[in-house]
Amino acid sequence: MRGHMLLLCHHLILDPWHVYNLHQKNGFTCMLLGEVFELVQLLFVVGFTVFLANCVDYDILFANKFVNHTDSSKVTLPDAFLPVDVCGASIRDNVAVMFVLMISGVFWLHRLIKFIYNVCCYWEIRSFYTNALKMSMAELPYFTWQEVQARIVEIQKEHQICIHKKELTELDIYHRILRFKNYMVAMVNKSLLPVRFRPPLLGESVFYTRGLKYNFELIFFWGPGSLFESEWSLKPQYKRGGNRLELADKLASRILWIGIANLLLCPVVLVWQILYAFFSYTEVIKREPGSLGARCWSLYGRCYLRHFNELDHELMSRLSKDVLHFHACVPPPGNVAFFAGSLLAVLIALTIYDEDVLAVEHVLSSITLLGVCITVCRSFIPDKHLVYCPEQLLRLILAHIHYMPDHWQGNAHRYETRDQFSQLFQYKAVFILEELTSPLVTPFILIFSLRRKSLEIIDFFRNFTVEVVGVGDTCSFAQMDIRQHGHPAWMSEGKTEASIYQQAEDGKTELSLMHFAITNPQWQPPTETTHFISQLKERVQRETTGDRQTLTSLNLSTNHQSTNSLSLPPTSTDARTASSGSSVWEGQLTSLVLSEYASTEMSIHALYIHEVCLSVCLCLDGWFYKCCNKERQVNVSLPLLSPPTSSPPSLSLFPLPSHFLSPLSLLVPTSSLPLSIPLRSSISSSLEGNCPGTPGIGRTVTTVVTASPRRGVQGEGTLTPETSSPAHTPSLSPPLSPPLALSPALTRALTLTEVPPRDRK
């Protein structure tokens with residue numbers, strides 16, 4: 001047992017990433033199969049490409065010549081394959097092919113050696129999981145990382161296997177896993193890495209690809225001559241300031257040689273990128289051409305939005321939530337679709353008139369390509385029913401990403417804001433194009449941009465590296481010390497000593513601290529940090545109290561105005577209006593419920609979210625009243641958030657957005673608002689609750705709420721007299737992540753005053 005305990009200290013100090021990675025890859029078997037298939041994939045791509053280039057007779061394949069010089073025999077696929085001796089001679093005589101094979105062979109052998117080393121490490125870690133942590137590989141996928149981490153901390157307390165520290169904290173483990181990534185996040189935060197450029201005709205743009213990131217890590221962390229002498233220790237000479245100029249010249253020279261190496265290997269890497277993209281995305285584009293118009297988080301966006309001490313799965317969980325998209329009306333895709341559609345229509349008409357047209361060379365391929373082009377263009381065109389509310393959408397996005405430049409506020413409608421947000425959340429087509437051009441651009445970035453920053457890089461690692469007992473050298477920003485790296489705009493006067501050079505931008509230190517404290521509730525922060533978190537929670541509660549009072553007063557005014565309207569049955573025009581109004585928030589029902597992160601974390605950005613909830617809720621109340629009254633469809637707004645009043649409400653069919661029930665319920669304390677249940681799209685439920693009525697007589701409103709992907713949310717209500725019950729403030733249930741679990745009978749009512757625990761699923 002003692003031997004297995006020692007493995008813990010060894011792997012957490014020397015190679016903690018493998019401990020975490022084995023958990024994320026769902027055990028030893030899954031990891032092993034993934035590594036094997038990566039090796040086979042490399043062999044397949046190289047071998048298959050060489051075979052297609054040298055061992056296929058394309059004249060026979062394209063019917064430019066006959067087999068055995070006769071047209072009497074039927075041509076088969078093997079007839080187009082060259083004999084083995086001819087194929088081998090063709091490969092040996094081609095210098096370019098031999099060079100590619102040699103480079104690929106060296107790279108594959110390097111991957112093979114790395115694979116063998118990883119297998120040995122993972123086998124030891126597998127034994128550690130099984131014997132020390134008592135977790136079998138079959139059970140490992142069902143344990144969260146926090147559970148694994150808790151067991152590691154507990155074992156350290158019991159056996160004192162790490163001799164450098166008496167206790168291992170959650171922050172120590174995070175530091176060891178994210179040592180290099182914290183440095184990268186800090187360098188992006190301080191704008192040290194050259195990833196922003198202003199090419200002619202394109203304006204300001206960001207270029208940060210996997211190839212460029214690989215070179216950065218090679219230079220700084222683990223390559224030959226890097227700044228670190230091991231995975232946990234910075235070289236001593238880089239910790240002293242006396243020889244900074246000499247070290248900067250040495251680093252600049254090394255960057256130059258690595259840039260030249262990238263330039264020499266550019267043709268090989270470019271061919272590999274093209275082949276890999278072709279084999280990876282061709283089938284996807286054929287099956288789903290619109291996928292090129294989908295958006296994904298850029299590599300720069302992931303690094304810019306990442307907190308200090310945020311693990312990969314935590315980052316992906318946060319960014320994979322229902323983040324709202326900016327849909328800009330871009331005319332060019334519509335015009336391209338028109339031209340392609342015109343050509344396609346002519347070809348289809350000719351084919352219908354005479355099917356022999358398909359026998360003409362390239363007609364069938366032209367029809368296919370035009371169809372793909374039209375589908376891709378349509379994926380870039382926003383929904384015509386979408387009502388563009390950029391300011392509200394931008395603030396709701398903030399609830400997920402937590403970071404937003406100050407100049408975006410109030411300028412969400414400007415194209416500059418849209419373009420800058422697209423740098424974080426880019427089109428898939430742009431991502432593929434950047435990866436394809438990376439071998440061409442990366443050498444010049446290294447030689448002409450990164451090399452100029454060598455002195456700044458040396459100063460950065462010297463000034464922002466601290467040695468932590470039992471952990472090693474780590475980035476000082478990852479300590480989340482608000483006094484040393486806090487931003488004055490986020491702190492009370494005199495609470496931070498950080499200069500402009502030392503402070504983290506965009507409040508990253510404070511937000512990272514809040515995220516880590518919520519993610520690891522067992523972590524005991526320093527006294528000053530605990531005081532900061534407590535003050536922040538008190539501030540959020542004060543803000544929510546003011547927002548609740550404003551909402552209540554305005555909702556009373558809105559209900560008074562809406563009582564004077566006339567109720568008319570819905571018409572076809574009304575239905576279209578309802579659909580258009582609902583489409584404002586189509587696909588965004590979950591996002592407007594914000595996120596459980598904002599409600600439980602009570603982070604600094606929750607202050608912004610309070611404003612969001614208030615403005616959105618009030619905007620909805622007034623906007624829906626205005627639009628619906630214009631069509632003379634509705635006579636009253638459902639007073640779900642109103643306090644008891646003496647006038648009984650009237651009710652008619654009207655479009656009811658599900659999030660109208662609960663925008664503030666996530667942020668206001670449980671005793672502040674009536675219960676509101678967050679709904680999600682594609683659910684149908686029946687809600688029953690106490691409605692304000694006259695004294696002594698209670699009224700029950702049974703509201704059938706149906707959410708559909710296209711028509712939004714529709715509400716239908718009836719009034720039923722009921723004996724009143726003592727007034728009380730219902731408890732607030734937590735936000736429900738999964739859809740509400742209701743019985744098949746949609747008319748069964750759920751009581752709003754108190755939801756039984758069995759229904760909170």
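Every letter in the sequence shown is one number past the one before it in the UniProt record's numbering, and letter 257, counting from 1, is 257.
Idealized CB from N, CA, C, for every residue including glycine.
Between the region 233 to 248 and the region 279 to 286 there are fewer than three inter-stretch CB-CB distances shorter than 8 Å, so the stretches are not counted as touching. When rounded, the separation of the alpha-carbon atoms in residue 273 and residue 369 is 23 Å. Bounds of the alpha helix (DSSP H) holding residue 88 are 84 to 93. At the C-beta level, residue 137 and residue 27 come within 7 Å of one another. Classified as exposed, residue 352 has fewer than 16 neighbouring CB atoms from the shown chains inside 10 Å of its CB. When secondary structure is reduced to three states using DSSP, residue 139 falls in the coil class, being assigned neither helix nor strand. Residue 168 sits close to residue 153, with the two beta carbons spaced by under 7 Å. Beta-bridge annotation (DSSP): residue 467 is paired with 473. Residue 461 counts as buried, since at least 16 other C-beta atoms from the protein chains shown sit within 10 angstroms of its C-beta. Counting along the chain, no alpha helix (DSSP H) covers residue 296; the unbroken beta strand (DSSP E) around it starts and ends at 295 to 297.
For residue 239, the closest of 467, 268, 530 by C-alpha to C-alpha distance is 467. Positions of the beta strand (DSSP E) runs, each at least 3 residues long and wholly inside the region 413 to 437, are given as 425 to 427 in order along the chain.
Boundaries of the alpha helix (DSSP H) harbouring residue 38: 28 to 54, taken from the DSSP string. At least 7 Å separates the beta-carbon of residue 486 from that of residue 519. The shortest C-alpha to C-alpha distance from residue 40 to any of 125, 109, 20 is the one to 109. In the same chain as residue 270, and ignoring 5 residues on each side of it, the C-beta atoms closer than 7 Å to its own belong to 439, 440, in chain order.
For residue 355 and residue 349, the gap between their C-alpha atoms comes out near 10 Å. Selection 250, 119, 24 evaluated against residue 144 yields 24 as nearest (Cα-Cα).
Taking residue 223 as reference, the option from 242, 346, 257, 241 with the minimal CA-CA separation is 257. Proximity to residue 80 across 513, 301, 484, 66 peaks at 66, based on C-alpha coordinates. Under DSSP, the beta-bridge partners assigned to residue 230 are 233. A contact between stretches requires three or more CB pairs, one per stretch, nearer than 8 Å, and the region 499 to 506 fails this requirement with the region 199 to 209. Using a Cβ distance threshold of 7 Å, residue 305 and residue 403 count as a contacting pair. Excluding sequence positions up to five before and after residue 426, its CB lies within less than 6 Å of the CB of 298, all in the same chain and listed in chain order. In this structure, the alpha-carbon of residue 451 lies about 14 Å from that of residue 218.
In the three-state reduction of the DSSP assignment, residue 176 falls in the helix class. Judged by their CB atoms, residue 308 and residue 478 are nearer to each other than the 7 Å cut-off.
Secondary structure note for residue 368: its alpha helix (DSSP H) is the uninterrupted segment 363 to 380. For residue 255, the uninterrupted alpha helix (DSSP H) run begins and ends at 244 to 264, by DSSP.
According to the DSSP assignment, residue 157 belongs to the alpha helix (DSSP H) that extends over 145 to 159. Under the DSSP assignment, residue 19 falls in the alpha helix (DSSP H) whose first and last residues are 16 to 24.
Remark: fewer than three beta-carbon pairs, one from each stretch, lie closer than 8 Å, so the region 56 to 63 and the region 90 to 106 are not flagged as touching.
Cβ-Cβ distances below 8 Å link residue 410 to 391 in the same chain, with the five nearest sequence neighbours on each side left out; the list follows chain order. No Cβ-Cβ contact shorter than 7 Å links residue 474 with residue 483. Beyond the five residues adjoining it in sequence on each side, residue 373 comes within less than 6 Å, by CB distance, of 340 in the same chain, given in chain order. Residue 111 has its alpha-carbon roughly 46 Å from the corresponding atom of residue 533.
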